Ligand code: ZN
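Residue numbers (this note's numbering): 1 to 413.
Now the structure itself:
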C-alpha cells in the first residue's frame with residue numbers, strides 16, 4: 001500500500017472515530033474521584049491571589065467569599081490539588097479540607113437513607129418529580145393543580161403546583177441552581193406538608209411551588225455532571241450555561257456577577273437571555289399584585305435573606321423584612337436547633353447583582369421578597385445526605401410559615 005492509500009485510510013478512520021469520540025464525551029458522566037473541596041480563609045488583601053488561583057486552576061466556586069464569613073469554598077481538580085495547596089501555603093492563606101473526595105461524597109449522598117420508604121426522604125430525578133406532581137394533583141383535586149410556568153432552553157416544561165384557593169399568593173421556587181438538590185427536595189416536602197398540616201390556610205392563601213426552576217440543569221446533574229449549576233444554554237460561547245440568578249434585569253451585570261461565560265456566575269449575553277428567567281418573569285408578572293410573598297430557595301450556608309443583593313443600600317422595607325427574618329430564624333431554631341443567619345443579601349452572604357430577589361422586590365413590587373440558603377454550613381455542601389432531607393424540610397417549613405403569617409396579618413400588603 002503506497003502512502004496515498006494509507007493517508008486516505010487514515011482519514012476514513014478519523015471520520016469514523018471523531019463522531020464516536022464526541023458521542024463518548026457527550027454521554028460520559030463526570031467522575032469526581034480525587035476532587036477536593038477546600039475552605040480558605042483569605043484576608044481581603046489575599047483575595048487577588050485567590051482570583052488568580054481561580055482562573056489558573058479552574059476552581060469550581062462552591063461558596064463565594066463573604067466579608068461576614070471571612071471564607072470561601074471551592075472544588076479543586078486532582079491534577080491541580082498539590083499546586084493549589086502549595087500556593088495557599090506559600091501565601092499563608094489558611095485552609096481546611098472540607099470534602100476529601102467529591103465522587104465518594106456524591107455516592108454517599110444517595111446511600112445514607114437506603115432504608116427510608118418515605119418518598120419525601122429521598123432525592124428524585126426530574127422524571128420522578130414530574131410524575132409525582134401529576135399524582136399529587138390528582139390525589140388532591142379540589143385544592144391542587146399542576147401548572148406549567150414556561151419552557152426551558154432544551155424544551156422541557158417548567159412545572160409547578162398551585163395549592164389552595166385563597167386570594168393572596170405565596171410564590172416559592174427551588175432548584176434554580178441545579179446542583180442544589182436539597183432545595184428541590186424541600187419544595188416537595190413543603191407541598192405535601194401544606195396538605196397534611198395546614199389545609200385550613202389554603203382558603204386564604206394560594207401557594208405556587210416550583211420544585212425545579214432549571215429543569216435542564218437538574219436533569220443534567222443526574223445524567224452527566226452532578227456539579228452543574230447553570231442553565232444549559234451555550235449562549236454562543238465556548239462554555240455552556242448562564243447563571244439564572246445573575247440574569248434578571250434589576251442591576252444586571254454589576255457587582256458579584258461575571259462577564260466570563262466560563263464562570264459559575266456568568267450573567268449572560270443580556271438580561272433575561274434565558275428561557276428559565278423569562279418564564280419566572282412572565283408567569284409571576286401575570287399573577288400581578290396578588291403575589292404577596294416570594295422566595296427563591298438555594299443551598300448551602302443556612303441563611304434567610306432579603307434585598308438588596310446588588311449593593312449595601314438599605315431597602316425601603318428593611319424594618320418589616322428584618323422583623324420577619326428575626327422570627328424566621330427563631331422558628332427554624334425551634335425545630336432542630338439549627339442556627340441560620342439573616343439580613344440583606346449583600347452584607348449577609350456576599351454582593352450579587354441581577355438576582356431574582358432584587359428584581360421581584362423592585363420591579364415586581366413584591367414587598368416580602370426573600371431568598372434562603374438551606375443546610376448545611378459546608379461539611380457536605382451540595383452533597384447533603386438523604387437522611388437530612390426531612391429535618392431540613394421541617395425547619396424550612398417553619399420559616400416559610402412565618403412568611404405565610406406575615407401575608408395573613410397584612411405585613412406583606
Ligand atoms: Zn444557589
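Backbone N, C-alpha and C define an ideal beta-carbon position, used for all residues, glycine too. The structure displayed is predicted, hence computed values, not measured ones.
Per the DSSP calculation, residue 369 is bridged to which residue(s)?
294
Does the beta-carbon of residue 298, which I'm using as the reference point, lie nearer than 6 Å to any heavy atom of the ligand ZN?
yes
Answer with buried or exposed for residue 404, where buried requires no fewer than 16 other C-beta atoms within 10 angstroms of its C-beta.
buried
Beta bridge counterpart(s) of residue 174 as assigned by DSSP
The partner list for residue 174 (beta bridge, DSSP) reads 297.
Taking all protein chains shown into account, decide if residue 79 is buried (16 or more other Cβ within 10 angstroms of its Cβ) or exposed.
exposed
Give me the Cα-Cα distance between residue 38 and residue 131, rounded to the nearest whole angstrom.
37 Å
Residue 54, enclosing beta strand (DSSP E) - first and last residue
Residue 54: not part of any beta strand (DSSP E); member of the alpha helix (DSSP H) spanning 47–56, first to last residue.
Which of the three DSSP states, helix, strand or coil, is assigned to residue 322?
It is helical.
Using C-beta distances below 8 Å, list every residue in its chain close to residue 95, excluding the 5 sequence neighbours before and after it, in chain order.
38, 39, 40, 41, 85, 88
Within 10 angstroms of its Cβ, does residue 23 collect 16 or more other Cβ (buried), or is it exposed?
With a pLDDT of only 45 at residue 23, under the threshold of 50, the placement of this residue in the model should not be trusted, and no figure is reported.
Could you tell me which whole beta strand (DSSP E) segments of length 3 or greater appear in the region 116–202?
144–151, 157–163, 168–174
Would you kindly work out how many angstroms separate the C-alpha atoms of residue 316 and residue 310, rounded to a whole number?
15 Å
In chain order, what residues of the same chain lie with their CB nearer than 8 Å to the CB of residue 205, ignoring the 5 residues before and after it?
Excluding positions up to five away in sequence, the list reads 164, 166, 168, 169, 170, 404, 407, 408.
Given 8 Å as the limit, is there contact between the region 148–158 and the region 176–183, that is, 3 or more CB pairs closer than that?
no
Please identify the residue among 387, 215, 355, 231 whose C-alpha is closest to the C-alpha of residue 252.
355
Measuring CB to CB, does residue 75 end up less than 7 Å from residue 35?
With contacts defined by Cβ atoms closer than 7 Å, residue 75 and residue 35 form a contacting pair.
Report the CB separation of residue 364 from residue 284 in whole angstroms; it is logged as a contact under 8 Å.
6 Å
Counting only runs that start and end within the region 211–297, where is the alpha helix (DSSP H) found for 4 or more residues in a row?
Fully enclosed alpha helix (DSSP H) runs of 4 or longer: 215–223, 275–287.
Does the distance from the CB of residue 418 to the CB of residue 158 come in under 7 Å?
The structure shown does not extend to residue 418, since the chain is modelled only from 1 to 413, so the question has no answer here.
Determine the direct distance from the alpha carbon of residue 288 to that of residue 395, and round the result to whole angstroms.
29 Å
How is residue 334 classed by DSSP in three states: helix, strand or coil?
helix
Looking at residue 177 and the ligand HEM, is the gap between the Cβ and the nearest heavy atom below 6 Å?
Inclusion of the ligand HEM in the displayed structure is not the case, the ligand content consisting of the ligand ZN alone.
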